[in-house]
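J.: Got a structure here, written out as structure tokens. Questions coming.
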Ligand SMILES: Cc1cc2nc3c(=O)[nH]c(=O)nc-3n(C[C@H](O)[C@H](O)[C@H](O)COP(=O)(O)OP(=O)(O)OC[C@H]3O[C@@H](n4cnc5c(N)ncnc54)[C@H](O)[C@@H]3O)c2cc1C
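Residue numbers (the numbering used here): 229 to 679.
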């Protein structure tokens with residue numbers, strides 16, 4: 229434990245609040261959306277800017293405290309909160325400046341997706357982020373960032389053009405293709421392994437309305453619907469992003485939903501989406517022209533904070549007929565009505581044309597990512613839901629590649645992390661040795677410094 233006088237000195241050295249257990253606000257900040265995670269940091273610092281972040285890094289270093297960094301708090305693995313140690317909370321840092329002429333935005337890393345979208349949509353602009361608006365821009369972007377615009381504009385991290393990073397020795401470095409370019413490579417996919425990112429500069433794209441929403445089929449038609457989904461996916465342009473999966477509507481009806489977002493001209497989208505809307509006999513067709521900002525909040529009600537969540541996810545080698553049958557057999561069997569499982573994301577277009585070694589993020593070559601995103605409400609149901617999720621993943625093993633998208637998984641340890649960074653791991657380990665030789669930043673899918 230750190231002695232009280234050192235804590236008092238730390239309090240004076242930062243502008244943001246420093247919270248100890250029991251103080252007002254302490255529980256609200258340490259509580260993350262996944263109720264599986266219940267950790268108690270020794271101290272929480274609510275940073276107001278880079279100066280607070282630098283002071284916090286020095287303080288943690290001097291007192292040998294483990295550090296957890298919280299952006300939007302949505303890591304399903306709970307990486308943004310530690311037991312004991314110092315939780316560095318970025319969520320009060322919400323500055324953003326849009327440059328509508330240069331088509332860029334410089335954003336502090338306490339922003340969540342909805343706040344970012346609100347500001348850039350005010351200028352008729354957007355960039356790729358995820359599909360639930362409470363997720364943090366930082367964790368999402370540094371780990372990858374799949375969303376409705378990835379096929380047209382690349383992943384969120386492909387749209388980062390510069391960042392400010394506080395490293396383990398307390399320096400603030402600007403990273404981009406001209407300055408500290410090795411670190412710029414590493415933060416785009418290396419998650420929080422290399423430092424605390426205080427701001428990100430994104431490339432923006434003109435975007436107002438989209439043709440988007442979902443069609444719902446009865447659960448009994450799951451196999452046929454996924455067959456259609458696969459065949460259709462092979463024909464679609466970069467403007468269209470689709471995903472499909474088994475879940476329950478609010479009235480409890482189990483369905484197979486296919487969600488779509490077409491980001492080109494809506495009149496063109498009507499033609500492109502025609503086969504999707506004509507397939508089978510959907511129970512409902514909720515596709516319409518809407519603002520991109522509205523689309524970005526459409527899935528929010530399905531992911532309220534406070535549920536318990538356990539996720540397994542992996543890319544599929546080939547979505548062949550046997551794989552589809554295996555997926556269809558698992559659909560509708562989740563013990564919980566709140567799960568999205570199994571669920572398939574189609575990855576294509578611009579995100580998959582980036583070479584594997586261009587950024588630290590290696591997953592560029594597989595077309596389908598499958599998720600078993602289990603959510604439930606009572607801790608007494610945890611064992612059953614976790615076991616079900618693991619059983620599903622085991623059943624899918626013959627069809628999966630090694631290595632997952634790290635942002636989508638619960639904590640699976642070192643071997644998992646190594647596989648998740650794939651062919652980029654050795655280069656990342658060398659970079660880790662350069663910028664964080666003591667593994668100061670280790671509350672993440674961790675990269676061990678090279679020997
Ligand atoms: C409901 C839900 C929906 C999701 N939808 C999508 C989606 O559509 N697309 C997608 O790609 N992903 C999605 N994800 C996964 C999401 O990308 C990850 O969970 C991501 O880590 C969340 O970022 P965060 O800032 O909210 O999380 P946090 O838990 O705050 O942080 C996650 C990790 O990033 C690190 N980190 C956070 N801020 C910083 C920083 N400023 N500097 C350095 N490291 C930092 C943390 O230490 C931690 O290791 C979703 C997750 C949830 C729970």
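Idealized CB from N, CA, C, for every residue including glycine.
Return the Cβ separation of residue 381 and residue 405 in integer angstroms, given the expectation that the two are a contact with Cβ distance under 8 Å.
T.: One-based indexing of the chain shown puts residue 381 at position 153. One-based indexing of the chain shown puts residue 405 at position 177. Not a contact, Cβ separation roughly 18 Å.
J.: Kindly list the residues whose CB is nearer than 8 Å to the CB of residue 571, restricted to its own chain and excluding five residues on each side of it in sequence; keep chain order.
T.: Position 343 of the chain shown, counting from 1, holds the residue named residue 571. So the qualifying residues of the chain are 471, 472, 473, 474, 475, 598, 599, 600, 601.
J.: Using a Cβ-based criterion (distance less than 7 Å to any ligand heavy atom), does residue 302 qualify as near ligand 1?
T.: For the purposes of this step, residue 302 is taken as residue 74 along the chain shown, with counting starting at 1. For ligand 1, at least one heavy atom lies less than 7 Å from the Cβ of residue 302.
J.: Spatial neighbours of residue 245 within its chain, please: CB distance less than 6 Å, with the 5 preceding and 5 following residues excluded, ordered by chain position.
T.: Working through the chain shown from its first residue, we reach residue 245 at position 17. These residues qualify, in order along the chain: 274.
J.: Answer yes or no: do residue 283 and residue 242 have a C-beta to C-beta separation smaller than 8 Å?
T.: Here residue 283 is taken as the residue at index 55 of the chain shown, counted from 1. Here residue 242 is taken as the residue at index 14 of the chain shown, counted from 1. A contact, by the Cβ cut-off of 8 Å.
J.: Applying the criterion that 16 or more other CB atoms from any shown protein chain within 10 Å of the CB defines a buried residue, is residue 327 buried or exposed?
T.: As a first step, residue 327 is located in the chain shown; it is residue number 99 there, counting from the start. With fewer than 16 Cβ atoms within 10 Å of its Cβ, residue 327 is classed as exposed.
J.: Count the CB pairs spanning the segment 443-456 and the segment 612-623 that are closer than 8 Å, and state whether there are at least three.
T.: No: the two stretches stay apart, fewer than three of their Cβ pairs being nearer than 8 Å.
J.: In the DSSP assignment, the beta strand (DSSP E) including residue 375 goes from what residue to what residue?
T.: Taking the chain shown and counting its residues from 1, the one referred to as residue 375 is at position 147. Unbroken run through residue 375: none, as it is neither H nor E.
J.: The beta strand (DSSP E) that contains residue 437, what's its start and end?
T.: Locating residue 437 in the chain shown gives position 209, counting from the first residue. Run containing residue 437: 437-446, per the beta strand (DSSP E) assignment.
J.: What does the alpha-carbon distance come out to for the pair residue 401 and residue 340?
T.: Working through the chain shown from its first residue, we reach residue 401 at position 173. Working through the chain shown from its first residue, we reach residue 340 at position 112. Between residue 401 and residue 340, the C-alpha separation is close to 23 Å.
J.: When you measure from the CB of residue 285 to every non-hydrogen atom of ligand 1, does any distance come out below 7 Å?
T.: Sequence index remark: in the chain shown, residue 285 carries index 57 (1-based). Residue 285 Cβ: outside cutoff for every heavy atom of ligand 1.
J.: Decide yes or no for the touch test of the segment 384-403 against the segment 426-437: beta carbon pairs closer than 8 Å, at least 3 of them.
T.: Touching, per the Cβ criterion.
J.: Which value, in whole angstroms, describes the spacing of the CA atoms of residue 360 and residue 233?
T.: Mapped onto the chain shown, residue 360 falls at position 132. Mapped onto the chain shown, residue 233 falls at position 5. Roughly 42 Å between the two C-alpha positions.
J.: Counting along the chain, where does the beta strand (DSSP E) carrying residue 575 start and finish?
T.: Taking the chain shown and counting its residues from 1, the one referred to as residue 575 is at position 347. Looking at the DSSP string, residue 575 is not in any beta strand (DSSP E), and its letter there is neither H nor E.
J.: What did DSSP end up calling residue 624 once you bin it into helix, strand or coil?
T.: What you label residue 624 is simply residue 396 of the chain shown in a count that begins at 1. Of the three classes helix, strand and coil, the one that applies to residue 624 here is helix, per DSSP.
J.: Taking only runs of the beta strand (DSSP E) that begin and end inside the segment 237-301, which ones reach a length of at least 3 residues, in chain order?
T.: Correct list: 271-274, 295-298.
J.: What's the gap between the Cα of residue 502 and the Cα of residue 514?
T.: Position 274 of the chain shown holds residue 502. Position 286 of the chain shown holds residue 514. Each residue's alpha carbon lies about 13 Å from the other.
J.: Return helix, strand or coil for residue 544, following the three-state DSSP convention.
T.: Here residue 544 refers to the residue found at position 316 when the chain shown is read from its first residue. Correct three-state label for residue 544: strand.
J.: Where does the unbroken alpha helix (DSSP H) through residue 646 begin, and where does it stop?
T.: Mapped onto the chain shown, residue 646 falls at position 418. Looking at the DSSP string, the run of the alpha helix (DSSP H) that includes residue 646 is 641-649.
J.: Just curious, the alpha helix (DSSP H) that residue 655 is in, first and last residue?
T.: As a first step, residue 655 is located in the chain shown; it is residue number 427 there, counting from the start. 653-663 is the extent of the alpha helix (DSSP H) around residue 655.
J.: Select from 593, 559, 553 the residue whose C-alpha is nearest the C-alpha of residue 483.
T.: Position 255 of the chain shown holds residue 483. Considering only alpha carbons, the answer is 559.
J.: Leaving out the 5 sequence neighbours to the left and right, which residues in its chain are closer than 7 Å to residue 337 when beta-carbon positions are compared?
T.: In the chain shown, the residue the question calls residue 337 occupies position 109. Contacts found: 299, 318, 321, 365, 366, 425, 426, 427, 428.
J.: Provide the residue span of the alpha helix (DSSP H) that contains residue 348, from first to last.
T.: Residue mapping note: residue 348 aligns to position 120 of the chain shown, counting from 1. Run containing residue 348: 341-349, per the alpha helix (DSSP H) assignment.
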